[in-house]
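Every position in the sequence shown, counted from 1, becomes a number in the numbering used here once 7 is added. Yeah, the Cβ is synthetic: ideal placement off N, Cα and C, and Gly gets one too.
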Amino acid sequence: MNIGEKIKLLRVTNGLTQEELANRCELTKGFISQLERDLTSPSIATLVDILECLGTNLKDFFNESIEEKIVFEKEDTFIQEDLENKNEIHWIVPNAQKNLMEPIMIVLEPEGQSSPQDPHEGEEFGYVLSGTIFVHIGNKKYKAKKGESFYFKPSMTHYISNAGNSKAKVLWLCTPPSF
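Structure, rendered in structure tokens:
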């Protein structure tokens, strides 16, 4: 097994440079470069840290016969409640941060909103499953209701907020993963 080659493949798949991975792992770019060329070997603790930053673990990294999961069940969902912003984020695909696209479902209480996201590369798409929302992009605000969708390049600060008096539910996809 070529550990360096697999780490490089994971890094590239995650859209990271050697420097970005090194910074996330508190290592040097030179170490990552040598590791990817199999000129050095990491300690187990360092390998665990690197794999965590790449959205995987030792078991999956060394499991050659891992089958990619296609269908995710309700039990696979991770839910994070944000009382301050009055929302719930449902990560409907586990460990999606290792993918090119990250789908979430966000439930906004009346007067609720998502956390503002800083500008970044990529694209954002959402589909309103229930309720009415505002999509805030920079200083502009757009209204979307059940059955409508939104799509934009996230070149400005952006977030969504509930525009109604009942819960709003939105399927939101972003690339690269940012939630």
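{"query": "Based on Cα-Cα distance, which residue from T139, F132, H127 lies nearest to V114?", "result": "T139"}
{"query": "Is F85 helix, strand or coil when you go by DSSP?", "result": "strand"}
{"query": "For E118, count neighbouring C-beta atoms within 10 Å of its own C-beta (all shown protein chains included) and say buried if the count is 16 or more, exposed if not.", "result": "exposed"}
{"query": "Does DSSP put A29 in a helix, in a strand, or in coil?", "result": "helix"}
{"query": "So the alpha helix (DSSP H) E116 belongs to, where does it begin and stop?", "result": "Run containing E116: none; DSSP gives neither H nor E here."}
{"query": "Could you tell me which uninterrupted beta strand (DSSP E) segments, each at least 3 residues in length, are contained entirely in the segment 92-152, listed from first to last along the chain?", "result": "94-98, 109-115, 130-137, 139-144, 147-152"}
{"query": "Near R18, what residues of its chain come up, given a Cβ to Cβ distance below 6 Å and the 5 sequence neighbours on each side ignored?", "result": "L28"}
{"query": "If distances are taken between C-alpha atoms only, which option among N9, S156, Y166 comes closest to R44?", "result": "N9"}
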